[in-house]
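Per numbering that gives the first Met the number 0, the sequence shown starts with residue 0, numbered consecutively. The beta carbon of each residue, even a glycine, is placed where N, CA and C say it ideally should be. From a predicted model like this one, the values you see are computed outputs, not experimental measurements. In what follows, a structure is listed as structure tokens, so that the remarks can point back to it.
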Amino acid sequence: MPRASTAPRTIECPKCHQQLPQWAQQCQFCKTQLFPGAVRNINEATYAARNKPTWTEVAYIVVAAIVALQGVFMLLEAFNVIPNLWYEIGGGTFFGIFGSIQVALGVGMLCHQIWAQFLMKWICVLSILGGGFGFLRTLMTLGLREPDYVGMVVQLFSFCFFCFALYVINTEADV
Ligand SMILES: [Zn+2]
0 MPRASTAPRT IECPKCHQQL PQWAQQCQFC KTQLFPGAVR NINEATYAAR
50 NKPTWTEVAY IVVAAIVALQ GVFMLLEAFN VIPNLWYEIG GGTFFGIFGS
100 IQVALGVGML CHQIWAQFLM KWICVLSILG GGFGFLRTLM TLGLREPDYV
150 GMVVQLFSFC FFCFALYVIN TEADV
């Protein structure tokens, strides 16, 4: 005999969340009346909750989009669409290469490509280490020279961004 037909089908009480037989008209635990409509609404709510994207899913898309957009920005600088100093001193090629890599990385992440997630994960780890050391060095030289507050804020911000990105990728990625 197939097991599925013998398994009892249950519904959940909207008030006390106990599992009840599907035919129950009243909750045996809290005496709540169970109307067919009420049960259907619970099922729909559960279904909607299951299909709602989690915050890490949304954050993953945001991180990937930031990476891609930063790449586009670098490409615009590489071709001097956005006038910049780097272009004038011959940094166009550098920006072009890194901009292209970043665009590919961001788009790859958006398409849930394993190579992009793997690469981004290591970029995060290296950036966190590098940013952490950079910040420590800035802290240690605080008394020696004029503190670079803007630089410190930028360092701290990118440190937080990469920590956040690493957490999100670890949660969402398939690697
Ligand atoms: Zn109940």
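Query: Contiguous alpha helix (DSSP H) assignments of at least 4 residues, all confined to the segment 44–91; Result: 54–77 and 84–87
Query: Ligand 1 site residues, beta-carbon cut 6 Å against heavy atoms; Result: 12, 14, 15, 17, 26, 28, 29 and 31
Query: Limits of the beta strand (DSSP E) - the one that residue 11 falls within; Result: 9–11
Query: Rounded straight-line distance, which links the Cα of residue 8 to that of residue 31; Result: 19 Å
Query: Uninterrupted alpha helix (DSSP H) stretches inside the segment 82–136 (no shorter than 4 residues); Result: 84–87 and 91–109
Query: Residue closest to residue 95, alpha-carbon to alpha-carbon, out of 141, 134, 71 and 125; Result: 71
Query: Backbone CA spacing between residue 170 and residue 67 [nearest angstrom]; Result: 20 Å
Query: Candidates 52, 51 and 11: closest to residue 33 by CA position; Result: 11
Query: Nearest neighbour of residue 158, chosen from 145, 19, 129 and 51 [CA to CA]; Result: 129
Query: Alpha helix (DSSP H) segment containing residue 155, residue limits; Result: 148–171
Query: DSSP bridge partner residues for residue 19 (one or two, in chain order); Result: 10
Query: Rounded C-alpha distance that separates residue 107 from residue 81; Result: 25 Å
Query: Rounded C-alpha distance that separates residue 102 from residue 119; Result: 12 Å
Query: CB-CB length for residue 167 against residue 53, believed under 8 Å; Result: About 10 Å; that fails the 8 Å criterion.
Query: Cβ-Cβ distance between residue 105 and residue 64 below 9 Å; Result: yes
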